[in-house]
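Below is one structure, written out as structure tokens, with a few remarks after it.
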Amino acid sequence: MTRGGGRGPSDRRVSGENLFYTLFNKSLWGKSMIEEIAANLYRIEIPLPKNPLKAINSYVIKDTERNLIIDTGWNQEVCMQAMQAGLKEIGVDIGKTDFFITHLHADHFGLVSNLITDNSKIYFNRPDADRFKSGFRLEEFLNFARLNGYPENELQKALQSHPGLKFRPSADLTFHILKEGDTISIRDYAFKCIETPGHTWGHMCLYEPGKKIFVSGDHILNDITPNIQLWSDEWNPLKEYLASLDKVYELDIKLVLPGHRGIFRDCRKRIQELKQHHQDRLDEIVSILGKAKMNAFRVASKMTWDIVSDSWDLFPVSQKWFATGEAIAHLKYLKGKGIIRSEMQKQKIVFSLNRNHAIR
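Position 14, counted from 1, in the sequence shown is what our numbering calls 14; the numbers after and before it change by one each time, with no gaps.
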């Protein structure tokens, strides 16, 4: 995920869920911050130690019959402690609670395996559920990274530090699958499911049309941009993401409840900013390829990122992973538009401009 803000000669803007590596204040670990947003609707801030995001927003809707928790945090003891403390303060019985998961990533999904009881339902989308059931396709990711120029000596380190591997659910799970237009009714809320692929294959948001509340997961964040990355050649995530932004733009939204950072109100303005951010990214990549043909890893090394570093070589490998994945997603989009082309050279995919096309 990318922070907002300007660029400077020494700035390198990196997106990803493990970027801007800073230590979270240890005095807050295991504690939670609670906010009542509306009647019977709460936000519990679950800490993500040693992660630039610092925390995830878990939303709780309290009812006399069944409660609902939206997203959970990592499968990590500090997250469990914060969740338990928050639920206790709100007065929620976990034995009378169901779960809605916006998408597959471990910071939203990992802890659910430790929270469910025998009568819990986990509401989830089909594409991400299928990918969870199929397991982590490690060799596929490694091979695709190699094709895109990722150095062999950094690959294993990048994956070993990946939070999706370290903090994912600890057990197999049974899902109650939801699709576009389905409704979750609880207390005074009737949330409509909105499919918003891009950040993941099946990312799903919730929209309460009567109250004009939008639970955005990682589809729309306020002061950072969701990381759109690609580690297989099976789809075009940036194309999907931009279409999902256009879809949400049409909704009448007064309050956005994002997966990270603060709640905000002007959803349409933020969507316009996010679309401009990606256009800037595309323009930058075209400019880079205008100088020479190169693989995705090298393209990423020449892009500007919101992290101060003397050189690309000094980036931690986990940060390079997310940055390279984002570069690949943008290259895939440009190729789909006919703006660039690719070819194989020495067992690597190399990209170059298709001179007959303009970027816009």
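For each residue, glycine too, the CB sits at the ideal point set by N, CA and C.
Assigned exposure category for residue i - 16 Cβ within 10 Å defines buried
i, result
"Lys-88", "exposed"
"Glu-45", "buried"
"Gly-110", "buried"
"Ile-288", "buried"
"Phe-351", "buried"
"Asn-356", "exposed"
"Leu-165", "exposed"
"Ser-27", "Note that Ser-27 has pLDDT 36, beneath the 50 cutoff, so the model's placement of it is unreliable and the number below is only indicative. The residue is exposed, with fewer than 16 neighbouring Cβ atoms inside 10 Å."
"Gly-210", "exposed"
"Asn-119", "exposed"
"Ala-106", "buried"
"Ile-177", "exposed"
"Glu-326", "buried"
"Ser-216", "buried"
"Arg-168", "buried"
"Leu-353", "buried"
"Gln-281", "The question names Gln, but residue 281 in the sequence shown is Arg. The residue in question, Arg-281, is buried, as its Cβ has 16 or more Cβ neighbours within 10 Å."
"Asp-361", "For residue 361 there is no data in the structure shown, the boundaries of the chain being 1 and 360."
"Leu-314", "exposed"
Euclidean distance between Cα positions of residue i and residue j
i, j, result
"Thr-324", "Met-344", "18 Å"
"Asn-57", "Gly-259", "5 Å"
"Gln-279", "Cys-267", "19 Å"
"His-108", "Lys-291", "40 Å"
"Leu-154", "Gln-81", "Reading off the sequence, residue 154 comes out as Glu, not Leu. Rounded to the nearest angstrom, the two C-alpha atoms are 34 Å apart."
"His-103", "Thr-196", "10 Å"
"Trp-71", "Thr-117", "A small correction: the amino acid at residue 71 is Asp; Trp does not occupy that position in the sequence shown. Cα-Cα distance, rounded: 16 Å."
"Leu-331", "Ile-285", "8 Å"
"His-219", "Asn-75", "22 Å"
"Ala-85", "Pro-49", "17 Å"
"Gly-135", "Ile-307", "32 Å"
"Met-83", "Lys-133", "25 Å"
"Thr-64", "Leu-173", "26 Å"
"Lys-247", "Cys-205", "12 Å"
"Val-317", "Tyr-241", "26 Å"
"Lys-293", "Glu-180", "41 Å"
"Arg-137", "Ala-145", "13 Å"
"Ala-55", "Ser-342", "39 Å"
Limits of the beta strand (DSSP E) - the one that residue i falls within
i, result
"Asn-295", "Where Asn-295 is concerned, there is no enclosing beta strand (DSSP E), given that its DSSP letter is neither H nor E."
"Phe-368", "Here the chain has residues from 1 to 360 only, and residue 368 is not among them."
"Gln-160", "No beta strand (DSSP E) contains Gln-160, which is instead part of the alpha helix (DSSP H) from 152-160."
"Phe-100", "97-100"
"Glu-195", "189-195"
"His-176", "176-178"
"Ala-38", "33-38"
"Phe-214", "213-217"
"Met-364", "Any property of residue 364 remains undetermined from this structure, which presents the chain solely from 1 to 360."
"Thr-183", "183-186"
"Arg-57", "In the sequence under discussion, the amino acid at residue 57 is Asn, which differs from the Arg named in the question. Element bounds for Asn-57: 55-61."
"Glu-65", "Segment: none, Glu-65 is in no beta strand (DSSP E) and carries neither H nor E."
"Ser-352", "348-353"
"Phe-124", "122-125"
Close beta carbons around residue i, own chain, < 7 Å, minus the five adjacent residues each side
i, result
"Val-92", "Val-60, Lys-62 and Asn-67"
"Tyr-207", "Phe-191, Lys-192, Ile-194, Phe-214 and Leu-251"
"Ser-301", "Trp-312"
"Arg-261", "Leu-221, Asn-222, Asp-223 and Ile-224"
"Ile-94", "Leu-87, Leu-115 and Thr-117"
"Ala-39", "Asp-188"
"Lys-348", "Leu-147, Gly-149 and Asn-295"
"Ile-340", "Leu-289, Leu-331, Leu-334, Phe-351, Ser-352, Leu-353 and Asn-354"
"Glu-140", "Ser-232"
Contacts around residue i, its chain only, beta-carbon distance under 6 Å, and the 5 residues preceding and following it disregarded
i, result
"Lys-346", "none"
"Phe-124", "Ile-101 and Phe-175"
"Ile-328", "Asn-148, Leu-230 and Ala-296"
"Ile-271", "Leu-245 and Tyr-249"
"Glu-36", "Tyr-42"
"Asp-182", "Cys-193"
"Phe-374", "Missing from the structure shown is residue 374; the chain here goes from 1 to 360 and no further."
"Ser-170", "Asn-75 and Ser-113"
"Lys-254", "Lys-212"
"Cys-79", "Ile-46, Gly-73 and Leu-111"
Boundaries of the alpha helix (DSSP H) in which residue i is found, first to last residue
i, result
"Asn-114", "112-115"
"Lys-88", "77-90"
"Gln-229", "No alpha helix (DSSP H) holds Gln-229; DSSP gives it neither H nor E."
"Gly-336", "317-336"
"Pro-237", "237-249"
"Ala-171", "It is not in any alpha helix (DSSP H) - Ala-171 carries neither H nor E in the DSSP assignment."
"Phe-109", "106-109"
Cβ shell of residue i (< 8 Å), same chain only, five flanking positions each side left out
i, result
"Gly-336", "Asn-236 and Lys-239"
"Ile-90", "Ile-34, Tyr-42, Ile-44, Val-60 and Lys-62"
"Leu-142", "Leu-155 and Leu-159"
"Ile-184", "Leu-68, Phe-100, Tyr-123, Leu-178, Ala-190, Phe-191, Cys-193 and Leu-206"
Practice prompt. Determine contact between the region 296-303 and the region 149-158, defined as no fewer than three beta-carbon pairs at a distance below 8 Å.
Written response: yes
Worksheet item: Quick one: any contact between the region 196-210 and the region 128-142, if contact means 3 or more CB pairs under 8 Å?
Response: yes
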